[in-house]
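The opening position of the sequence shown corresponds to residue 14 in our numbering, with each subsequent residue numbered one higher. Beta carbons: idealized from backbone N, C-alpha and C, even for Gly. In this text, all values refer to a predicted model and were calculated from it rather than measured experimentally. Everything below concerns the one structure shown next.
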Amino acid sequence: MTTFDSTKEGLSDLLRSIRKGDIQLPDFQRGWVWDDEHVRSLLASISLSYPIGAVMMLQTGNEDVKFKARPIEGVQLSSPVEADRLILDGQQRLTSLFQALNAERPVLTRDLRGRPIYRWYYLDMEAVLNPNVEREDAVVSLPDTRQVKNFRGEVIEDYSTPEKEYERGLFPISQVFDCSNWQEGHQEYWDYDKDKIKLFSQFNKEIIKRFEQYQVPVISLGKETPKEAVCQVFEKVNTGGVSLTVFELLTATFAAEDYLLRQDWADRKARLTEFRILEYIESTDFLQSVTLVASLQRQKAAITSGTLPEKAPGISCKRRDILRLTLEEYQTWADPITRGFQEAAKLLHGQKMFTARDIPYKTQLVPLAAIFTVLGEKALNHGVRQKLIRWYWCGVFGELYGSAIESRFAKDLPEVLAWVDGGPEPDTVAAANFIPGRLLGLKTRNSAAYKGIYALLMQDGAPDFRSGIPINEQVYFDEKIDIHHIFPQDWCRKAGLDSKRYDSVINKTPLSAGTNRRVSNNPPSKYLATLQKSAEISKERMDAILAEHLIPPDALRANDFEHFFSAREAALLDRIGKAMGKTIVREDIGSVDYDLFSSQWHPFLQALSKLEGVTIEAGGDVEANGVVVGTFLAEVAQNDKVLHLVDSQELSAGAIKAALERAGAKVLLVGCNQLEAALASIMIALQEQEKLTASIATPEVSEPDDSDREPPVGFHPKCIERVSQVLGLPLLSKSRTAYVTEDGSTAVVCTISKTHENNGAPSYWFAFHPSQKEFLENFDQGYVALGCGSPEQTILVPFQDLSSLLDDFWTTEKDDRMYWHIRIHKEGQALQLDRKQGMGRLDITHHLLNS
Numbered sequence: 014m015t016t017f018d019s020t021k022e023g024l025s026d027l028l029r030s031i032r033k034g035d036i037q038l039p040d041f042q043r044g045w046v047w048d049d050e051h052v053r054s055l056l057a058s059i060s061l062s063y064p065i066g067a068v069m070m071l072q073t074g075n076e077d078v079k080f081k082a083r084p085i086e087g088v089q090l091s092s093p094v095e096a097d098r099l100i101l102d103g104q105q106r107l108t109s110l111f112q113a114l115n116a117e118r119p120v121l122t123r124d125l126r127g128r129p130i131y132r133w134y135y136l137d138m139e140a141v142l143n144p145n146v147e148r149e150d151a152v153v154s155l156p157d158t159r160q161v162k163n164f165r166g167e168v169i170e171d172y173s174t175p176e177k178e179y180e181r182g183l184f185p186i187s188q189v190f191d192c193s194n195w196q197e198g199h200q201e202y203w204d205y206d207k208d209k210i211k212l213f214s215q216f217n218k219e220i221i222k223r224f225e226q227y228q229v230p231v232i233s234l235g236k237e238t239p240k241e242a243v244c245q246v247f248e249k250v251n252t253g254g255v256s257l258t259v260f261e262l263l264t265a266t267f268a269a270e271d272y273l274l275r276q277d278w279a280d281r282k283a284r285l286t287e288f289r290i291l292e293y294i295e296s297t298d299f300l301q302s303v304t305l306v307a308s309l310q311r312q313k314a315a316i317t318s319g320t321l322p323e324k325a326p327g328i329s330c331k332r333r334d335i336l337r338l339t340l341e342e343y344q345t346w347a348d349p350i351t352r353g354f355q356e357a358a359k360l361l362h363g364q365k366m367f368t369a370r371d372i373p374y375k376t377q378l379v380p381l382a383a384i385f386t387v388l389g390e391k392a393l394n395h396g397v398r399q400k401l402i403r404w405y406w407c408g409v410f411g412e413l414y415g416s417a418i419e420s421r422f423a424k425d426l427p428e429v430l431a432w433v434d435g436g437p438e439p440d441t442v443a444a445a446n447f448i449p450g451r452l453l454g455l456k457t458r459n460s461a462a463y464k465g466i467y468a469l470l471m472q473d474g475a476p477d478f479r480s481g482i483p484i485n486e487q488v489y490f491d492e493k494i495d496i497h498h499i500f501p502q503d504w505c506r507k508a509g510l511d512s513k514r515y516d517s518v519i520n521k522t523p524l525s526a527g528t529n530r531r532v533s534n535n536p537p538s539k540y541l542a543t544l545q546k547s548a549e550i551s552k553e554r555m556d557a558i559l560a561e562h563l564i565p566p567d568a569l570r571a572n573d574f575e576h577f578f579s580a581r582e583a584a585l586l587d588r589i590g591k592a593m594g595k596t597i598v599r600e601d602i603g604s605v606d607y608d609l610f611s612s613q614w615h616p617f618l619q620a621l622s623k624l625e626g627v628t629i630e631a632g633g634d635v636e637a638n639g640v641v642v643g644t645f646l647a648e649v650a651q652n653d654k655v656l657h658l659v660d661s662q663e664l665s666a667g668a669i670k671a672a673l674e675r676a677g678a679k680v681l682l683v684g685c686n687q688l689e690a691a692l693a694s695i696m697i698a699l700q701e702q703e704k705l706t707a708s709i710a711t712p713e714v715s716e717p718d719d720s721d722r723e724p725p726v727g728f729h730p731k732c733i734e735r736v737s738q739v740l741g742l743p744l745l746s747k748s749r750t751a752y753v754t755e756d757g758s759t760a761v762v763c764t765i766s767k768t769h770e771n772n773g774a775p776s777y778w779f780a781f782h783p784s785q786k787e788f789l790e791n792f793d794q795g796y797v798a799l800g801c802g803s804p805e806q807t808i809l810v811p812f813q814d815l816s817s818l819l820d821d822f823w824t825t826e827k828d829d830r831m832y833w834h835i836r837i838h839k840e841g842q843a844l845q846l847d848r849k850q851g852m853g854r855l856d857i858t859h860h861l862l863n864s
């Protein structure tokens, strides 16, 4: 059954209904945001009888779909009016038109810089009738004083009286639906001049009549439309506005029952943030926990009343489920859930997490709070808490809360509750798997497992190297504890070590700020001797302190990085395994940068990396005809054979595969849940593939015409050779894209692009990853080399300059990884750096290396 119909309504009728209050806005609609230029363009379109798009409205009267309503900005009602219809789409257009045509007050709008301004709108009668004048130029916008002033504040144009409007021929657009008085005044002012009468007659016929007769397409949703459909429709059509949160939508729903959800949340947020660890908890997190428990209770009630379990309502906390939450359910569970979050905070405090930034996954607090709520006093039992702690660490080190989290929440609640009562292990525990090679990719707090290891070390005491005091909450804050290098970065650089190893968590541990200053850039043997002497710590005591950090003392005292690295890697894996209640089999750490891949792919990549001679690099965006069609997963190479992997679950997998194949790549569709089949397919494909002379462009492939197909791009070495000549420094390869000088003072990230065509001009596309940014941040001097189509066109940008521009670039965010888009366009001989819409392009030709 169709729940909507479509018709047309006169613009004047719509504005009249708005003035009376029959048409209003649902309270979740934010204030209108159109600027002066948009308003003028809208008025010009109507004066030409051009379409301005349909508006969408909801009929009121459904007791199950109540939204608090408010009049459109500018409407003044003498008493509250029950609206017949609510505007879902078209707020900006109808608000602009009402204020300009019907409000009889200056319109509150914005200038191009976003500053609020008041404007009156006029039509220049002669200009609007002149076919050679752009219609928008005939729509005149004047300040609220109706005077135009120069930079000295002197009035240079004045239209502040009707007589001055008549003289200039400026018709106030607010009079368009009732122009008789203005017309009479205009004729009287010109002493009934025939030419002026003729001018207004033509203006009335060709312009005013268009406003009077203008029809607006209206789509009406019937009052029987369900609430979640209304909210979904609103979000899909409201592309010009600011995206609403589920909290704002629910706030409007509860407001119809006179409940102030926003104030209630503000009070609860204040109570929750008494725990520093809960500082980042948002309203949506809280509502998800409430919805989890409410949906569990609905399921239990249905089963108790005789409904078969398989037909009972499911447990869920997705957006649609939150929108179905009733006020009664919210009021029933809000207080218990608040206590649940507080109990979750206490549990994590016991795991040595003291601030919000220490939490590996904020999202995991949602099911944890719900679990505490349902368990109640039972959660205080030691055995129960041990199970909750194990579940928590399995989620952290299995990296299971980075994507598809709502589905996991819905499984966690019943499965953990059943486990507590003697049932089987929940999926989060059973499925969790920590890949040993992952340690090498853990470099910053951006990784959940990195923060997890930090907390485990503090759990084990991790006494400070200088004070010998184990870390508790007071020490954590008083001594400014943070995670620092064990073998200092500078020493490692000078020793020629691989930054991927010495910047990983294997070479880091919690230390106080004061101790880290004393460590400085000294080799371990020196700083240990200095600390022992200054702090009066015996060698035996220092060895014991190091052991609590899982650091082999002998290797550290001998400055033996290799022995230290191997021993600590093994010790950390054992400690992680203990927390998860699993045995982690140690293996040689491979070269896969797991940070660049979603965690769901880690087991697959781990197995793939064990194939002899295989190297794996992250994929990137794929273009076809200048449009990004999607992202390929990875580039797998074995000797001189190259294979591009595409996630078979990607919505545009077919288009990605086709674009890659048209560019000459060998492509294979793989699924992360079909590990054995995928591995077998990859091995067969690598065996069958003919020898390739070069790799396909990474991370992006374009789709040139067959007649103009370029050879695959693969000129990193030649670009770096040119960079080395310009810098006057030899550069050593750390990976295909990362290079450093012999003295470790300078680093370069080199990324390349083949030539694409954009509106007939050459353009180039590059992906810049957070891992590349972190790599360059470790050096005194850093550069980004951008190979634009060939080594002869290489741009060398100081990293400091590029870093300051990153916020200006578009980004791709997918699951738990992201990267920045660097796009360069060639305009004549100039090279222009693309930036977000409205920011303009930046000329970077001066960074081009001379031939």
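Straight-line gap, Glu549 to Tyr515 (C-alpha atoms, nearest Å): 29 Å
Inter-residue CB distance, Ser60 and Arg148 (contact presumed, cutoff 8 Å): 6 Å
Whole-angstrom Cβ separation of Ile316 and Pro322, contact assumed at under 8 Å? 6 Å
DSSP three-state assignment for Met70, whether helix, strand or coil: strand
Distance, Leu862 Cα to Val736 Cα: 8 Å
Please check the pair Gly408 and Tyr374, which I expect to be a contact at CB under 8 Å, by giving their CB distance rounded to whole angstroms. 7 Å
On the three-state DSSP scale, how would you describe Trp203? coil
Alpha carbon of Leu360 to alpha carbon of Thr368, nearest angstrom: 13 Å
Determine the burial state of Tyr414: buried for a count of at least 16 other Cβ atoms within 10 Å of its Cβ, exposed for fewer. buried
Beta carbon of Leu183, beta carbon of Val141: below 8 Å? no
What is the residue span of the beta strand (DSSP E) that Leu563 lies within? That residue, Leu563, is in no beta strand (DSSP E); it is neither H nor E in DSSP.
If you reduce the DSSP assignment to three classes, tell me which class Ile448 lands in. coil
Is Val146 buried or exposed, if buried means 16 or more other CB atoms sit within 10 Å of its CB? exposed
Are Trp47 and Thr122 closer than 8 Å when you measure CB to CB? yes
By the DSSP assignment, the beta strand (DSSP E) with Gln160 in it spans what residues? Gln160 to Lys162
List the endpoints of the continuous beta strand (DSSP E) containing Phe781. Ala774 to Phe781
List in chain order: all unbroken alpha helix (DSSP H) runs of 4+ residues lying wholly within the stretch 253–323. 259–268, 274–285 and 296–317
With a threshold of 8 Å between beta-carbons, can His729 be considered close to chain B, or not? Of the protein chains in the structure, only one exists, and it is not chain B.
Short of 7 Å in beta carbon distance, which residues of its chain neighbour Gly841, apart from the five on each side in sequence? Order them along the chain. none
Consult DSSP for Pro427 and reduce its assignment to one of helix, strand or coil. helix
If I measure Cβ to Cβ from Ser720 and keep anything under 6 Å in the same chain, skipping five residues before and after, which residues do I get? In this prediction, Ser720 scores a pLDDT of 33, lower than 50, which makes its location untrustworthy; no coordinate-derived value is stated.
Going along the chain, which residues of its own chain have a beta-carbon closer than 8 Å to the beta-carbon of Gly253, five neighbours each way excluded? Annotation note: pLDDT 47 at Gly253 (below 50); position unreliable, no value reported.
Give the C-beta separation of Phe422 and Leu285 to the nearest angstrom, bearing in mind that I take them to be a contact with Cβ-Cβ under 8 Å. Actually they are not in contact, since the Cβ atoms of Phe422 and Leu285 sit about 19 Å apart, beyond 8 Å.
Using only CA atoms, which one of Lys81, Leu101 and His362 lies nearest to Val94? Lys81
If you measure between the beta carbons of Asp384 and Leu426, is that distance less than 8 Å? The residue you asked about is not Asp; residue 384 is Ile in the sequence shown. The answer is yes: Cβ separation under 8 Å.
Do you know whose CA, among Val78, Ala116, Pro64 and Ile65, lies nearest Val88's CA? Ala116
In the DSSP output, what is Arg352 paired with across the bridge? None; Arg352 has no bridge partner.
CA-to-CA distance, Ile494 to Pro476, given in whole angstroms: 11 Å
Minimum C-alpha distance to Tyr135 - residue among Ser611, Ala113, Gly127 and Asn143: Ala113
Looking only at C-alpha atoms, which of Ser746, Asp206, Arg98 and Glu270 sits nearest to Gly872? With the chain running from 14 to 864 in the structure shown, residue 872 is simply not present.
Could you tell me the boundaries of the beta strand (DSSP E) in which Pro239 lies? No beta strand (DSSP E) holds Pro239; DSSP gives it neither H nor E.
At what residue ranges does the stretch 754–821 contain a whole run of the beta strand (DSSP E), taking only runs of 3 or more? 759–766, 769–771, 774–781, 794–801 and 807–811
Any contact of the stretch 638–658 with the stretch 792–807, i.e. 3+ C-beta pairs under 8 Å? no
In terms of alpha-carbon separation, which member of Gly435, Trp133, Asp440 and Val442 lies closest to Arg118? Trp133
Could you tell me the alpha carbon to alpha carbon distance between Leu1 and Ala592, rounded to whole angstroms? There is no way to answer for residue 1, as the model of the chain reaches only from 14 to 864.
Is it the case that the Cβ atoms of Leu336 and Leu263 are separated by a distance below 8 Å? yes
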